[in-house]
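Read through the structure below, which is laid out as structure tokens, and then see the notes.
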Amino acid sequence: MKPVQPAPDFTRLRNVLTGEAKPNRLPLVELFIDEPIKEQILGRVVASDFSLDPEEVRQRIDDEIEFRYKLGYDYIDVCPLVYFGTGFQFSPNTERFWMSESSSLIHCRKDFEKHQWPTAEDVNYSQMEYAASRLPEGMMIIPRVAGVFENVSFLTGIE
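Everything in the sequence shown is counted per full-length UniProt numbering, starting at 1 for the first residue and increasing by one.
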């Protein structure tokens, strides 16, 4: 297999998404890529997707940029931080966060009404700002947030 020659060009991806032009090659697009795959490509351990430590968050962004650059992506996706309040628990034996499907923060209308909902001012864009300062020429950020189902199920449970 021929090695990838990184040359990010976000215009290529934008043109495909808008239908404005045919690309010189098919742009790569992924929603999520698991850490073991990133580690295999980069040849080292990558920062955890679940750490909230600021230094590890910056390292995770640097890892993501390096990984996607090496494979020929034209973008990275970054989430602004919005805390809705969740019952995530860390499971040390798997080093992953998990969410109980049977317990929740919101059980009834009263819980819903007293919940501390985030405001627009509560959104933290620091990860996006850091990523923007580190991107190679031609690469851009696509902002991403958890979906409606994820946010609602994190707050209300599934059962």
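Here a beta-carbon is modelled for each residue, glycine too, at the ideal position from N, C-alpha and C.
Keep in mind it's a predicted model, so treat the numbers as computed, not measured.
8 Å Cβ cutoff, residue i in contact with chain B
i      : result
Arg144 : Annotation note: the requested chain B is absent from the structure, which comprises a single protein chain.
Residue i - DSSP class collapsed to helix/strand/coil
i           : result
Tyr83       : coil
Asn124      : strand
Ile61       : helix
Ser51       : coil
Ala132      : helix
Gln40       : helix
Leu155      : helix
residue 163 : There is simply no residue 163 to check, as the chain begins at 1 and stops at 159 in what is shown.
Asp9        : coil
Proximity of residue i and residue j at Cβ, strictly below 8 Å
i      : j      : result
Asp122 : Val82  : yes
Ile41  : Gln127 : no
Arg134 : Cys79  : no
Phe32  : Asp74  : no
Pro23  : Val16  : yes
Rounded straight-line distance, which links the Cα of residue j to that of residue i
i           : j      : result
Gly19       : Ala132 : 26 Å
Arg12       : Glu30  : 16 Å
Gln59       : Val46  : 8 Å
Ile142      : Arg14  : 11 Å
Ile76       : Asp63  : 11 Å
Glu113      : Ala146 : 22 Å
Pro6        : Asp53  : 30 Å
Tyr130      : Glu55  : 11 Å
Cys108      : Glu159 : 13 Å
residue 182 : Glu150 : Residue 182 lies beyond the stretch modelled for the chain, which goes from 1 to 159, so this question has no answer here.
Val148      : Thr156 : 12 Å
Tyr69       : Pro136 : 8 Å
Identified DSSP bridge partners for residue i
i      : result
Met140 : Tyr75
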